[in-house]
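Engineer:
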Amino acid sequence: MKKKIGGIWISMSIKEKILMKHVERKLHKLQIDLVHFIPGRIRLRSTVWKENKKLVELIILNLKSQALVYDAVFTPDTGSLLITYKASHMTNNKELEEWFQLIEQIYQEEYRA
37 MKKKIGGIWI SMSIKEKILM KHVERKLHKL QIDLVHFIPG RIRLRSTVWK
87 ENKKLVELII LNLKSQALVY DAVFTPDTGS LLITYKASHM TNNKELEEWF
137 QLIEQIYQEE YRA
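Be aware that the sequence shown starts at 37, since it is given in our numbering, and climbs by one per residue.
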């Protein structure tokens, strides 16, 4: 199966497609858009981040503490967060799901409080 993400068609298994739909729904509830996803790179965008530096800093700090994450870089002008990670070491998409749960937890503790 193929899915268009960020203007690019990528091949996805049924399991990956289901996971990405689930992730997109969760992110949408937090006002976060999944802009681009390829193995090793994920770009997220949120207008909320443009106005809440502390929230973004906490997300970046927590993502960078994850074993497979190389870097997380925020671009304030666009509200975009680029996450680069070691795709070759991913055992499955469980790690991605855990990162998005981490972001959701930070929102619950810091943004929605």
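Backbone N, C-alpha and C define an ideal beta-carbon position, used for all residues, glycine too.
Take Ile44 and list the residues in its own chain whose beta-carbon comes closer than 6 Å to its own, dropping the five residues that flank it on each side.
Structural biologist: Because Ile44 carries a pLDDT of 49, less than 50, the predicted location of this residue cannot be relied on, and the following value inherits that uncertainty. Result list for Ile44: empty, nothing under 6 Å.
Engineer: Going along the chain, which residues of its own chain have a beta-carbon closer than 7 Å to the beta-carbon of Glu60, five neighbours each way excluded?
Structural biologist: Taken in chain order, the residues that qualify are Leu70.
Engineer: Starting from Leu94 and walking both ways along the alpha helix (DSSP H), at which residues does that stretch end?
Structural biologist: Start and end: Lys89 to Lys100.
Engineer: Go ahead and pull the three-state DSSP assignment for Leu138.
Structural biologist: Residue state, collapsed to three classes: helix.
Engineer: DSSP puts Val109 in a beta bridge; with which residues?
Structural biologist: According to DSSP, which records beta bridges pairwise, Val109 is partnered with Leu118.
Engineer: Does DSSP put Leu80 in a helix, a strand or coil?
Structural biologist: The answer is strand: DSSP assigns Leu80 an E or B state.
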